[in-house]
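Input: a single structure, listed below in structure tokens.
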Amino acid sequence: MKAFLAYTKKEAFELCRTGRLLLLLLIFLLFGIMNPAIAKLTPWLMDFLAEDLARSGMTIAQVSVDALTSWTQFHKNVPIALILFLVLISGTLTNECQDGTLLLLLTKGLPRRTVLIAKAAAGILLWSVCYWMCYGITWMYNAFFWDNRIVPNAAASALAIWLIGVWLVCALILMSSFAKSNTTVLAGVALLAGICYLAGLFPPVSEYLPTQLLSAGALINNAAAADFTKSAAAAGISSLLMLIAAVRIFDRRAL
Amino acid sequence: MNILSLSDVAKAFGQVRVLQGLTFDVPEHTIFGFIGPNGAGKTTTMKLILGLLRPDHGTITVGGLPVTYGQNRTNRMIGYLPDVPEFYGFLTPAEYLALCGEITGMDRQAVRRRSDELLSLVGLPPDRRIRGFSRGMKQRLGIAQALLHEPKLLICDEPTSALDPSGRKELLDILHTVRDHTTVLFSTHILSDVERVCDEIVLLHDGKAALHGTLSEIRAMRGSSGFEIEFLRQEDIARFEALLPGGSRTDRLTLRYPSAPDTALQLLAHEQIPVRRMEQLEPTLEALFMEVTEK
């Protein structure tokens, strides 16, 4: 436990002092503000373009925006933030293996699984902080400009996206347990997500696939939350299995 | 008692058989030189001792406990300094040592005390970020982290090869200072370093221990490698060469013979030839190294 805390503290130092934490917070802050801002600016933008569009024969009906418009933006933008997040943390383990910094700590008796579990915990915690901050900012603007009560499923749909983020962090740890570089890690994660997505095109399996959670944006348009319980359970269970596999693989890896 | 024992250890990478039945023991409180040409398997052996690689055959024990691959119970007895140690650039030396101390399970007070001691021993600032340290500074921090938990065995992989002469001397002095508490195993191909500090050596060649023993034992094993006479005058050396052929000139006034000096002594006395010096030659480590590795 002492070793786990010490190593996690090192991870925290690394995030703060290399500026990566600041960068991630800025990105998610920006995305958090962007969702309501785009919604708020849409009518103004339409007005601005209306004259040009009218000249080319298009007429624009009255555009009405509300909290739903902003939450729709949230679900459109958050996958991009998630990809940026994964790219920024992709080298978390491979860099330390490559430059030999981890080797010294392992020779001091730091158990390999401690490294992996600390990395996974730090990744999930970081994702949670960034993501829920982004959610919170959007929620506050929405409450200020409009009314969040017209979207009762906003939290449930956001929870689904958070879970897919956790699942991808675990996939990233699994890939890092054997890959030599962060590009391989990213390629592996992309491949896994791609396979899941393609398999999702076949209805009998689709409801059991974690990637199905990516379409949880439909919840804000009053889709039933029950449609996603199976894929949520699958994401939870497979995250755990991926971490167990990562520990077993990393224990056997020659460094 | 032996702190480290290797028995019939073999390791191959694909078709390349790096170690083929390596056996040697390291007694406690010695500075043990582990020498061999580049690519002889020195680093591989060290990684096997640290449990970072799995041996194909044979056993390794540290302090009486067997080393098992991937697990690191025995590593708590070992301090390791790799050839090019790398550290987290965003930490300071004091923070890095604190991290190492917590990992090895030392209590906070002890870590702080040891870290102050060691940083002043190696002469590093405790509060400057490691990013921007020179190679020599990293090597010294490497020594500090390796000695932090007062290990029974200190393993250094070519610790001096990247250092300038003064850095090298400092490092060898440090190794000398710690030998009272710690056994040092260090690999190198710089033979003058070996002659300066080592008590015992093993010479690795073709995946085996080609020579093993104390420095004097090894020299004795090879016996004498001849003698040298330095004369005072040019005409003397010419006269003596005619009397006792088979020598070779190493400079204008010096002759070297590969044989025993008995005949030469008799001749010198009989012919009344004055000499500046006459010296029995000991085999140098370099000569032994060349002899073994070129066989």
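From first to last, the protein sequence lines are chains A and B. Numbering-wise, our numbering comes out as the position in the first sequence, counting from 1, plus 43. Numbering-wise, our numbering comes out as the position in the second sequence, counting from 1, plus 2. Note that beta-carbon positions come from the ideal geometry of N, C-alpha and C, so glycine has one too.
Three-state class that DSSP yields for residue i in the structure shown
i                     : result
residue 86 (chain B)  : coil
residue 69 (chain B)  : coil
residue 183 (chain A) : helix
residue 191 (chain B) : coil
residue 22 (chain B)  : strand
residue 284 (chain A) : helix
residue 61 (chain B)  : strand
residue 106 (chain B) : coil
residue 237 (chain A) : helix
residue 163 (chain B) : coil
residue 59 (chain A)  : helix
residue 297 (chain A) : coil
residue 156 (chain B) : strand
residue 92 (chain B)  : coil
residue 183 (chain B) : coil
residue 216 (chain B) : strand
residue 10 (chain B)  : strand
residue 46 (chain A)  : helix
residue 150 (chain B) : coil
residue 30 (chain B)  : coil
residue 119 (chain B) : helix
residue 135 (chain B) : coil
residue 210 (chain B) : strand
residue 126 (chain B) : coil
residue 81 (chain B)  : strand
residue 250 (chain A) : coil
residue 106 (chain A) : coil
Under 8 Å from the C-beta of residue i: neighbouring residues of chain A
i                    : result
residue 80 (chain B) : 150
residue 92 (chain B) : 56, 57, 60, 61
Residue i: contacting residues in chain B (beta-carbon distance under 9 Å)
i                     : result
residue 45 (chain A)  : 104, 105, 107
residue 143 (chain A) : 84, 86, 87, 88
Residue nearest to residue i in terms of C-alpha spacing, selected from the options
i                     : options                    : result
residue 57 (chain B)  : B:69, B:248, B:164         : B:69
residue 157 (chain A) : A:216, A:201, A:200, A:243 : A:216
residue 262 (chain A) : A:118, A:286, A:251, A:252 : A:118
residue 235 (chain A) : A:137, A:224, A:213        : A:213
residue 43 (chain B)  : B:257, B:161, B:22, B:187  : B:22
residue 175 (chain A) : A:48, A:70, A:295          : A:70
residue 198 (chain A) : A:287, A:56, A:153, A:177  : A:177
residue 220 (chain A) : A:163, A:169, A:180        : A:163
residue 77 (chain B)  : A:129, A:149, A:258        : A:149
residue 191 (chain A) : A:68, A:225, A:79, A:50    : A:79
residue 253 (chain B) : B:91, B:274, B:261, B:236  : B:236
residue 173 (chain B) : B:193, B:275, B:132, B:123 : B:123
residue 257 (chain A) : A:276, A:204, A:136        : A:204
residue 106 (chain A) : A:51, A:279, A:88          : A:88
residue 137 (chain B) : B:255, B:251, B:88, B:81   : B:88
residue 271 (chain A) : A:286, A:142, A:255        : A:255
residue 142 (chain A) : A:225, A:47, A:252         : A:225
residue 241 (chain B) : B:262, B:264, B:277, B:208 : B:277
residue 193 (chain B) : B:208, B:217, B:223        : B:217
residue 12 (chain B)  : B:211, B:260, B:111, B:183 : B:211
residue 66 (chain A)  : A:130, A:287, A:98         : A:130
residue 164 (chain B) : B:183, B:17, B:84          : B:84
residue 239 (chain A) : A:51, A:98, A:253, A:126   : A:253
residue 133 (chain A) : A:123, A:51, A:297, A:232  : A:232
Within chain B, partners of residue i - CB distance below 8 Å
i                     : result
residue 303 (chain A) : Since the first residue shown for chain A is 44 and the last is 298, residue 303 (chain A) is missing from the structure and cannot be characterised.
Chain-ordered neighbours of residue i on chain B, where CB pairs are closer than 7 Å
i                     : result
residue 49 (chain A)  : 101, 104, 105
residue 153 (chain A) : 105
Chain-ordered neighbours of residue i on chain A, where CB pairs are closer than 7 Å
i                    : result
residue 77 (chain B) : 150, 151, 152
Partners in chain A for residue i, counting only beta-carbon separations shorter than 9 Å
i                     : result
residue 147 (chain B) : 147, 151
Exercise for the section: With 8 Å as the C-beta to C-beta threshold (strictly closer), list the residues of the region 167 to 188 of chain B near chain A in chain order. Expected result: none
Problem - Contained alpha helix (DSSP H) runs [length at least 4] in the region 154 to 213 of chain A, N- to C-terminal order - result: 155 to 188
Exercise for the section: Entirely within the region 227 to 297 of chain B and at least 3 residues each: give me those beta strand (DSSP E) ranges in chain order. Expected result: 229 to 233, 250 to 253, 256 to 259, 277 to 282
Handout entry: Contact list for the region 264 to 298 of chain A against chain B, Cβ threshold 8 Å
Key = 294, 295, 297, 298
Problem - Members of the region 59 to 85 of chain A that neighbour chain B once the beta carbon cut-off is set at 9 Å - result: 59, 60, 61
Problem - Members of the region 46 to 58 of chain B near chain A, C-beta cut-off 9 Å - result: 49, 52, 53, 54, 55, 56
Problem - Inside the region 108 to 149 of chain A only - alpha helix (DSSP H) runs reaching at least 4 residues - result: 110 to 132, 137 to 142, 144 to 149
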